[in-house]
Every structure is written in C-alpha cells, then in structure tokens.
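In order, the protein sequence lines correspond to chains A and B.
Under the working numbering, think of the first position of the first sequence as 6, with each following residue one higher.
Under the working numbering, think of the first position of the second sequence as 8, with each following residue one higher.
Below is one structure; the comments refer to it alone.
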Amino acid sequence: EAGVTQSPRYAVLQEGQAVSFWCDPISGHDTLYWYQQPRDQGPQLLVYFRDEAVIDNSQLPSDRFSAVRPKGTNSTLKIQSAKQGDTATYLCASRTGDQDTQYFGPGTRLLVL
Amino acid sequence: GQQVQQSPSSLVLQEGENAELQCNFSSTATQLQWFYQSPGGSLVSLLSNPSGTKHTGRLTSTTVTKERRSSLHISSSQTTDSGTYLCAIGGSGGSNYKLTFGKGTLLTVTP
C-alpha cells in the first residue's frame, strides 16, 4: 500500500511569491490534515477535511492561505503571498474514520527569503 | 486550547543507556500518541496510549490520564534511535479528531 505522498519536497521563494503544495493521501482515507511545522517546533494543525468538506480551518491564516480537496482525494494547500514567517515544513497526513492513527507524508520544506 | 509540554527538550545518551521522556498536557484527552521524527523530517506513529501501559519492542509508554501525563521509556538505546520524539493529544474520535503536538524531545544516542 502506497503511503502519503507530497510534492514538491523543497521550495525556495522570495517574499510576496505564491506557492502550492500537493498531497495524495493513502487510498480510502477519508480524513486529510495539513500541518505547519516551524523549525524546532511540533506540527501545528492548519486545516483538515473529511472527504471534500472542511472540518476545521480555524488556524489557517485565511488572508493568504487556502486549501481545497475538491473530490475528497488529493488536496492542495496554497500560499498567495509568502512571508519569511511562513518558512517551515508543511506536512500532510491522512487517516480512515474508524482508526485514530494518522499517517504522515514526507513533508515540503519551504524557505522564504 | 489544549497545550502539550514535553521534557526534556533534548537528551544525549550513550548506546545501551535507557531514556525516559515526559509529556504533560493541559486538558483531558481521549487520545494520546507518541511519534518519532527522523532527522530527515518523516513522522511515524510509535504508540497510541490514551491510558495505562503499553509495550512495543524496546518502547514502553505509561499514561496516567487523571494526572494528565504520559511517559515514553526507551530501553537499551541504539544510535538509530536518534531523532525527535513528539507527544500528541487528541479529543473525541470519529470525524472530529485532531491532534495537538508538543515541541518534542531531541534524542541523540552516541556510539
């Protein structure tokens, strides 16, 4: 069974540029999570979906960040105008509704100059 | 919101020594998980232990729910155990299930 995949693995931007991250969860997993992990911190939840519906996006900076999961499978997280404070690793995780374990992808490491 | 405190923030051991990692959390949690994050960043679930004691391999986790604390014991450490250990708590299960992570304990095991 394939794990959670993410792309790109690395991204380097200038402030003000836009970037999109893509996540393909484990097949059959209905719940998908996006986390932001700054250096030397634990992952912090940004948004999560069950199927195509947003369940909680309260920690997503809505002025610059957006996330979609239109068909309840793959998901895209976009930063419209990146800031240096967005420098972090962005992790995607998925789980199936009848289990509590979340399975994480390898992450995308973002550096904003 | 929920808060998770982990201690120590870092730990250096010689191979063969045991490690004891602590996790304290601010509110009742129905779920508690320990994760390992490799130096390359990949995050793997080690144990799910919301209460009581659970063993897997060289790992033992003990969670005392009413005292809002959990520990992870690593016996006979190996250099390959080096990395960051993260504790995470969650609320109710089902679709409304999200985790709050601590900052982690960075473990370095030297030969």
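Note that the Cβ used here is the ideal one computed from N, Cα and C, for glycine as well.
Computed from a predicted structure; not experimentally measured.
Length of the line joining the Cα atoms of residue i and residue j
i	j	result
V59 of chain A	Q10 of chain B	23 Å
S82 of chain B	D35 of chain A	36 Å
Q107 of chain A	N25 of chain B	27 Å
P66 of chain A	H62 of chain B	40 Å
Q39 of chain B	R69 of chain A	Looking at the sequence provided, one finds Leu at residue 39 of chain B rather than Gln. One C-alpha to the other measures close to 32 Å.
S49 of chain B	Y40 of chain A	13 Å
Q104 of chain A	S45 of chain B	24 Å
K105 of chain B	Q21 of chain B	36 Å
G59 of chain B	K88 of chain A	44 Å
T10 of chain A	D91 of chain A	21 Å
Neighbourhood of residue i by C-beta distance below 6 Å, restricted to the same chain and skipping five residues each side
i	result
T115 of chain B	V19, S89
S102 of chain B	The predicted model places S102 of chain B with a pLDDT of 45, which falls under 50 and marks its position as unreliable, so this point remains unresolved.
S25 of chain A	T81, K83
V73 of chain A	T81
W5 of chain A	Because chain A is modelled from 6 through 118, residue 5 of chain A falls outside the range shown and cannot be assessed.
T107 of chain B	Q9, V11, I96
I71 of chain A	Reading off the sequence, residue 71 of chain A comes out as Ser, not Ile. Around S71 of chain A: K83.
Residue i at chain A interface by Cβ criterion, 8 Å
i	result
Q38 of chain B	yes
G23 of chain B	no
S52 of chain B	yes
L93 of chain B	yes
L106 of chain B	yes
K61 of chain B	no
Residue i vs residue j beta-carbon contact at 8 Å
i	j	result
F32 of chain B	L93 of chain B	no
T87 of chain B	L113 of chain B	no
V117 of chain A	L18 of chain A	yes
A16 of chain A	L115 of chain A	yes
D29 of chain A	N79 of chain A	yes
Min CB distance residue i to chain B below 8 Å
i	result
G33 of chain A	no
Y95 of chain A	no
F111 of chain A	As written in the sequence, residue 111 of chain A is Pro, which differs from the Phe given in the question. Taking Cβ atoms only, chain B reaches closer than 8 Å to P111 of chain A, which makes this a yes.
Q46 of chain A	yes
Y15 of chain A	no
T106 of chain A	yes
L50 of chain A	yes
D61 of chain A	yes
Same chain only: Cβ atoms within 7 Å of residue i, ignoring 5 sequence neighbours per side
i	result
T101 of chain A	G33, H34, D35
L79 of chain B	L28, W41, L66, S68, Y92
P118 of chain B	E22, T86
Cut-off 8 Å between Cβ atoms - residues of its own chain near residue i, not counting five sequence neighbours on either side
i	result
G77 of chain A	D35, F54, D56, E57
Q42 of chain A	P48, Q49, A93, T94, Y95, L96, G112
Check your understanding: Mind pulling the beta strand (DSSP E) runs of 3 or more residues that sit fully within the region 48 to 118 of chain B?
Key -> 50 to 55, 59 to 63, 66 to 71, 76 to 81, 90 to 97, 106 to 108, 112 to 117
Review point. Which runs of the beta strand (DSSP E) spanning at least 3 residues fall entirely within the region 11 to 54 of chain B, listed in chain order?
Key: 11 to 14, 17 to 21, 26 to 32, 38 to 44
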